[in-house]
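Below you'll find the structure, written out as structure tokens, and then a few comments.
Structure (structure tokens):
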């Protein structure tokens, strides 16, 4: 029995290359500015910050700082995930980075894509002010102005 479970786990565990291909599919689903997809293919991650453009709220796009890139890489390596986009906001409980990711578990991808379609992607929420409160989960998002904003 143990060998069969191990074989099933191996069969459903994604490689980094497979996670990147899945991440590209998910980026297509988000309806972001075309530069986000182009940048990701070239190894550059984008971040969406809630911003104002006149009376409109938009998801303003930025490249990650060196410090942000290091933190993403650390989290990817620790958890075996591939981050394909992130949002940034300040809430009453801290400064948050929401890392949209693809897990190593291929058997979860179909459900994860459906959740993304419904506006609730899988994220790792990094709480900068209280790292103990960082966690995996899902958040509400909306595509606005080429980027994303967190809705809940």
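Numbering (our numbering), first residue to last: 29 to 180.
Ideal Cβ positions, reconstructed from N, Cα and C, are used throughout, including at glycine.
| Check | Outcome |
| --- | --- |
| May I have the straight-line CA-CA distance separating residue 176 from residue 75, to the nearest angstrom? | 9 Å |
| Please classify residue 156: is it buried, with 16 or more other beta-carbons within 10 angstroms of its beta-carbon, or exposed? | exposed |
| Do you know how far the Cα of residue 113 is from the Cα of residue 71? | 12 Å |
| Leaving aside the five residues before and after residue 172 along the sequence, list all residues of the same chain whose C-beta is less than 7 Å from its C-beta, in chain order. | 85, 86, 87 |
| With DSSP run on the structure shown, which of helix, strand or coil describes residue 158? | coil |
| Looking only at its chain, what residues have a beta carbon closer than 7 Å to the beta carbon of residue 30, apart from the 5 residues adjacent to it on each side? | With a pLDDT of 48 at residue 30, under the threshold of 50, the predicted position of this residue should be treated as unreliable, and no value is reported. |
| According to DSSP, is residue 96 part of a helix, a strand, or is it coil? | helix |
| Taking one C-beta from the segment 94-107 and one from the segment 137-151 each time, how about it: are there three or more such pairs within less than 8 Å? | no |
| Since residue 78 and residue 120 are thought to touch, with beta carbons under 8 Å apart, how far apart are those beta carbons, to the nearest angstrom? | Contact flag wrong, Cβ pair sits at about 15 Å. |
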